[in-house]
Amino acid sequence: MTAAVAKPAPHDAASTLAADAADAALRLKPPRVRKTSALADLLCGSIAGVTGKLVEYPLDTVKVRLQTQPLAAGGGTFAGPLDCLVRTVRQEGFLGLYRGLSAPLVGSMLENSGLFFAYNQIQRLVRAVSSPEHMPRAGDGSGRSAQQQEPLSLAQLAGCGFLSGAVVATVLTPVELIKCKMQVVGVALHTGSSTSVGTPKTAAASAPHYRGAWDIVGRTLREEGVRGFYRGHLGTLIRESGGGAAWFGVYELVCDHFLERLRQQQQQFAQASSRAFGGPLPPPRPTKDDLTTWQLMLAGALAGMAFNFSLYPADVVKSRMQTAELLAPPTGTSAAALGHHKPRFAEVAREIYAAQGVRGFYRGCAITVARSAPTSAVIFLTYEQLRRNLTF
């Protein structure tokens, strides 16, 4: 006698669909209020900045040396990023790649803490102006963070990034000046056979030699005053404001893509459970707290690449302005005379274009974009993970 095979109940298919959707929905973390705290933004941004700077600095040194090598008729001091890397390690040792790290380490703390702090505070101001009814009221105890409040549009978020970058540029320019000077000091070791326009050997001999970051600070104050620290500020402002819009804009865009997929899973769960069981209320709107490590890192990596590529020519001009007295002077100009002439942004841009055309504005661009991916991935991951676990 053959055993009867039980037929599935009519509602089994709906139950299976509901179970699958529920499993996806349960992967979301339970809703938790992440409080907005200026101190937390500053602390998390500082730690993220230090972590990212330690990862990126060797390639940043290569980038700055490629940007500031003498403008040459037949080629620069270095054949490319790999040549610069190998020759730097050979001539100066591995630590040569970390020359001048102290100032940019402090600068990275200031830059990233300032960026995240300003970005979140500017979002609050935008919400207060555009939709005050969605702002948490004083004394309600909600303490909701930016991502638990009414979401802003991508254009608004990019605008917040633009303004936060403009704020940070004011603090960052002096740090960039010190960093770039320290990074190119060792280039004189490699210019003995250069065919650059001018006289590299004479320039190398007569150019200033700095003993360290504090020596640069002291000499800049004595020779140029406080204003000397803001040489190249226009380039920094363009890079940081436009780059800030690209950085936060791309990061939010990619994160929103992943969050939309989670929202679709939640919707499927709500529909399936409603058909099968009468259905519970759908879970709360997902936030970045629900994203995985690889999703945060991918969003950060793409954001970093967008930041560095978007306005790279401004960074090249800025670096040359800030290291002018350390570079080979034009024909007939002594290095001492060059030290008294502080080239302007447009002047340096014209020099680069006259010597090398558009290509001159993209020296070191490939290695800069490449190193920005892991650096920015680490920065955003560190920041988000720390903010998830801080309670103040």
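If you read the sequence shown in my numbering, its first letter stands for residue 1, the second for the next number, and so on.
No residue lacks a Cβ here, since even glycine has one placed at the ideal position from N, Cα and C.
Length of the line joining the Cα atoms of Glu-240 and Gln-264 = Translated into the one-based positions of the sequence shown, residue 240 becomes position 240. Translated into the one-based positions of the sequence shown, residue 264 becomes position 264. Per the coordinates, the alpha-carbon of Glu-240 lies some 35 Å from the alpha-carbon of Gln-264.
ask   = What first and last residue would you give for the alpha helix (DSSP H) that runs through Asp-290?
value = As a working mapping, residue 290 is identified with position 290 in the sequence shown. Run containing Asp-290: none; DSSP gives neither H nor E here.
ask   = Which residue comes first and which comes last in the alpha helix (DSSP H) that contains Gly-114?
value = Here residue 114 is taken as the residue at index 114 of the sequence shown, counted from 1. Where Gly-114 is concerned, the enclosing alpha helix (DSSP H) stretches over 102-130.
task = Please go through the segment 338-379 and give each complete alpha helix (DSSP H) segment of 4 or more residues, from N-terminal end onward.
result = 345-356
ask   = Leaving out five residues before and five after Leu-311 in sequence, what residues of the same chain have Cβ atoms less than 7 Å from its Cβ?
value = To locate residue 311, count along the sequence shown from 1; it is residue 311. The residues are Ile-238, Arg-239, Gly-242, Gly-243.
message = Taking the alpha carbon of Ala-118 as the reference point, which residue from Leu-154, Gly-45, Val-175, Thr-293 has its own alpha carbon closest?
response = Locating residue 118 in the sequence shown gives position 118, where the first residue counts as 1. For Ala-118, the closest alpha carbon among the candidates Leu-154, Gly-45, Val-175, Thr-293 is that of Gly-45.
message = Mapping the DSSP letters down to three states, classify Tyr-210 as helix, strand or coil.
response = Here the question's residue 210 lines up with position 210 in the sequence shown. Reduced to three states, the DSSP call for Tyr-210 is coil.
Other residues of its chain near Cys-84: CB distance less than 7 Å, five sequence neighbours each side excluded = Sequence index remark: in the sequence shown, residue 84 carries index 84 (1-based). Closer than 7 Å at Cβ, skipping near neighbours: Val-62, Arg-65, Leu-66, Phe-78.
task = Reducing DSSP to helix, strand and coil, say where Ser-37 ends up.
result = One-based indexing of the sequence shown puts residue 37 at position 37. Here Ser-37 sits in coil by DSSP.
ask   = Does the pairing of the segment 227-236 with the segment 165-173 give three or more beta-carbon distances under 8 Å?
value = yes
message = Can you tell me whether Thr-292 is buried or exposed? The criterion is at least 16 other CB atoms within 10 Å of its CB, across all chains shown.
response = Working through the sequence shown from its first residue, we reach residue 292 at position 292. Exposed is the call here.
query = Considering only the beta carbon of each residue, do Gly-228 and Ala-158 sit closer than 8 Å?
reply = Counting from one through the sequence shown, the residue named residue 228 turns up at place 228. Counting from one through the sequence shown, the residue named residue 158 turns up at place 158. Contact flag unset, no.
inquiry  = Considering just the uninterrupted stretch of the alpha helix (DSSP H) at Tyr-312, what are its terminal residues?
reply    = Taking the first residue of the sequence shown as 1, we reach residue 312 at position 312. Note, Tyr-312: alpha helix (DSSP H), 312-322.
inquiry  = Can you tell me whether Val-184 is buried or exposed? The criterion is at least 16 other CB atoms within 10 Å of its CB, across all chains shown.
reply    = Taking the sequence shown and counting its residues from 1, the one referred to as residue 184 is at position 184. When all chains shown are included, Val-184 counts as buried.
query = Would Ile-447 pass as a contact of Phe-361 if the rule is Cβ separation under 8 Å?
reply = Within the shown structure, residues of the chain are numbered from 1 to 392, placing residue 447 beyond reach of any answer.
ask   = Excluding five sequence neighbours on each side, which residues of the same chain lie with their C-beta closer than 8 Å to the C-beta of Lys-181?
value = By 1-based counting over the sequence shown, the position of residue 181 is 181. By the criterion of a C-beta distance shorter than 8 Å, Lys-181 is surrounded in its chain by Gly-100, Tyr-210, Ile-216, Gln-322, Thr-323, Leu-326, once the five residues flanking it on both sides are discounted.
Close Cβ partners of Lys-53 (< 7 Å) along its chain, the five nearest in sequence each way excluded = Against the sequence shown, residue 53 aligns to sequence position 53. The answer, listed in chain order, is Pro-104, Leu-105, Ser-108.
ask   = In terms of residue numbering, what span does the alpha helix (DSSP H) encompassing Gly-159 cover?
value = Here residue 159 corresponds to residue number 159 of the sequence shown, with the count starting at 1. That run of the alpha helix (DSSP H) goes 154-184.
task = Rounded to whole angstroms, what's the CA-CA distance from Ala-306 to Ala-245? Just pull it up for me.
result = Within the sequence shown, numbered from 1, the residue matching residue 306 stands at position 306. Within the sequence shown, numbered from 1, the residue matching residue 245 stands at position 245. Rounded to the nearest angstrom, the two C-alpha atoms are 9 Å apart.
request  = Out of Ile-379, Leu-390, Leu-386, point me to the one whose CA is closest to Leu-115's CA.
outcome  = By one-based count along the sequence shown, residue 115 stands at place 115. Taking only the C-alpha atoms, the option nearest Leu-115 is Ile-379.
query = In angstroms, rounded to a whole number, what distance separates the CA positions of Ala-166 and Gln-121?
reply = To locate residue 166, count along the sequence shown from 1; it is residue 166. To locate residue 121, count along the sequence shown from 1; it is residue 121. Computed Cα separation, rounded: 14 Å.
query = Along the chain, where does the alpha helix (DSSP H) that runs through Glu-92 open and close?
reply = By 1-based counting over the sequence shown, the position of residue 92 is 92. Run containing Glu-92: 81-92, per the alpha helix (DSSP H) assignment.
query = Where does Gly-45 fall in DSSP's three states?
reply = Here residue 45 is taken as the residue at index 45 of the sequence shown, counted from 1. Here Gly-45 sits in helix by DSSP.
Closest Cα partner of Pro-374 within the set Asp-60, Leu-163, Arg-90 = Taking the sequence shown and counting its residues from 1, the one referred to as residue 374 is at position 374. Nearest C-alpha to Pro-374: Asp-60.
query = Would a C-beta distance cut-off of 8 Å place Ser-372 and Thr-68 closer than the cut-off?
reply = Locating residue 372 in the sequence shown gives position 372, where the first residue counts as 1. Locating residue 68 in the sequence shown gives position 68, where the first residue counts as 1. Their beta carbons are not under 8 Å apart, which means Ser-372 does not touch Thr-68 by this criterion.
key: Beta-carbon proximity list for Val-254, same chain, < 6 Å, skipping 5 on both sides   = Here residue 254 refers to the residue found at position 254 when the sequence shown is read from its first residue. Cβ neighbours of Val-254 beyond the five flanking positions: Ala-299, Leu-302.
message = Cutting at 6 Å between CB atoms, please list the residues of its own chain near Ser-162, excluding the five before and the five after it.
response = Counted from its first residue, the sequence shown places residue 162 at position 162. The sequence as given places Phe at residue 162; Ser does not occur at that position. Excluding positions up to five away in sequence, the list reads Ser-241, Gly-244, Ala-245.
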